[in-house]
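A.B. asks: What follows is a structure written as structure tokens; I'll ask about it next.
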């Protein structure tokens, strides 16, 4: 009788499969992307006059995490090659490392392993068979590039009307279309972001639309893509759309109500420009990072609302960050259920699993703890007041890119700290939730119950 011994390759694959769990794949993928970006941005032909390793690392992490914060004047520092590197980092970071690598393997005809399919499935929260996952990835690619192409055309036309040369207008259109859909706030026009375009509805409307679409998440986009044929939306899609609409209204109304007569922001502008500015600044805190007003001139109540919006962020598996709109919605549903004396959480005639409650509260607690501790650390290290430090850290965690003119003046420790927060803001919630989903085990025993006082 012949005994077949496993080959060395098979044994190696089993060892790697045990070591490279899905959360580790996500972390390693983003670390590799950001490390490569740091090296590329440090190349002499990436910048006009050179850049330090810390600043190169900061911008690379900011681009890879689709945040948009920058410690340097972006258009004055980077060459066209450097801008292209950043653009690619943002595109890859926005789509997700595993999604991009799987699609790339498909396009070049390589065989995609079942483990990679499962990893992508968990990353984009899809269901069904691996074949359907592959079909979903192709749909994601078509939707992404279609939206970015249409946005690039609209922005290029707007820039040409502004008097910019056609070739430069096309490049700027493509660059900012990708930045908008991937919810990254990096701008290659000038350091004033889109302030010169504050009343240009073509620019403001185009960017607002792609920012919203990028923040809905790929499952929702695919669901909307098939809505004309299916005439139905999943519970997840309906919850995301409703919660996102409410938060957008809160953002727009708060800016309009609190800044309408502020001479440093909306005050003194025409009604049309005021409306455009209110809409844009109501949308961008949802992790985009563009601005048409001077944030240092905003009133404290407005900044407080913007901080809350940045903390919440966008939908799960989207190009944005934050604790996610579904986490906020679930926390609200938990409170409503408790007020009504209900022991179950129902939504759209469906009962939500109890495990979701623990995940939502865990994400909220960990995110709050991270933001508070890092805010305190930044206040101590850089001698900042509470609101600027909290705004900066929340912007980094939500991968937003807005700042109260703090980022360029950060100390070396501050740059490293904010880089860490940006990285955790991009991969932290994903890996945490996926890790919980993977390691969820039902024990075969129960301890006696005993209540404690709450409230």
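In the working numbering, the protein residues as written are -13 to 441. For each residue, glycine too, the CB sits at the ideal point set by N, CA and C.
Leaving aside the five residues before and after residue 371 along the sequence, list all residues of the same chain whose C-beta is less than 8 Å from its C-beta, in chain order.
C.D. replies: 365
A.B. asks: Comparing alpha-carbon positions, which option in 283, 159, 222, 386 lies nearest residue 252?
C.D. replies: 283
A.B. asks: Would you tell me roughly how many angstroms separate the C-alpha atoms of residue 61 and residue 267, rounded to the nearest one?
C.D. replies: 22 Å
A.B. asks: Residue 407 to residue 12, Cα distance in whole Å?
C.D. replies: 16 Å
A.B. asks: Among 193, 187, 42, 185, which has the Cα closest to the Cα of residue 158?
C.D. replies: 193
A.B. asks: Taking the alpha-carbon positions, what's the residue 152 to residue 216 distance?
C.D. replies: 42 Å
A.B. asks: Buried or exposed: where does residue 304 fall if 16 or more other Cβ atoms within 10 Å of its Cβ makes it buried?
C.D. replies: A residue is called buried once 16 or more other Cβ atoms fall within 10 Å of its Cβ, and residue 304 is buried on that count.
A.B. asks: Do residue 384 and residue 276 have their C-beta atoms within less than 9 Å of each other?
C.D. replies: no
A.B. asks: Using DSSP's beta-bridge definition, name the partner residues of residue 336.
C.D. replies: 333
A.B. asks: Classify residue 234: buried if its beta carbon has 16 or more other beta carbons within 10 angstroms, exposed otherwise.
C.D. replies: By the 10 Å Cβ count, residue 234 comes out buried.
A.B. asks: How should residue 137 be labelled, buried or exposed, when 16 other C-beta atoms within 10 angstroms of its C-beta is the threshold for buried?
C.D. replies: buried
A.B. asks: Specify the secondary structure class of residue 65 as computed by DSSP and reduced to three states.
C.D. replies: Residue state for residue 65 is assigned as coil, using DSSP reduced to three classes.
A.B. asks: Nearest-angstrom Cα distance between residue 244 and residue 291?
C.D. replies: 10 Å
A.B. asks: In angstroms with no decimal places, state the Cα-to-Cα distance between residue 208 and residue 35.
C.D. replies: 44 Å
A.B. asks: Applying the 10 Å Cβ sphere with the 16-neighbour rule, what's the burial state of residue 218?
C.D. replies: exposed
A.B. asks: Taking its Cβ as the centre, do 16 or more other Cβ atoms sit within 10 Å of residue 3, making it buried, or is it exposed?
C.D. replies: Low confidence applies to residue 3: its pLDDT is 45, below 50, so where it sits in the model is not reliable enough to give any reading.
A.B. asks: Quick one: what does DSSP say residue 33 is sitting in, helix, strand or coil?
C.D. replies: strand
A.B. asks: Can you tell me where the alpha helix (DSSP H) holding residue 306 begins and where it ends?
C.D. replies: Unbroken run through residue 306: none, as it is neither H nor E.
A.B. asks: Is the closest heavy atom of the ligand MG to the C-beta of residue 126 under 8 Å?
C.D. replies: Only the bare structure without any ligand can be found here, which leaves the ligand MG out of the picture.
A.B. asks: Which residue from 54, 29, 378 puts its Cα closest to that of residue 274?
C.D. replies: 54
A.B. asks: Under 9 Å, do residue 127 and residue 387 count as touching if we go by C-beta distance?
C.D. replies: Contact flag unset, no.
A.B. asks: Mind checking whether residue 37 and residue 66 have CB atoms under 9 Å apart?
C.D. replies: no
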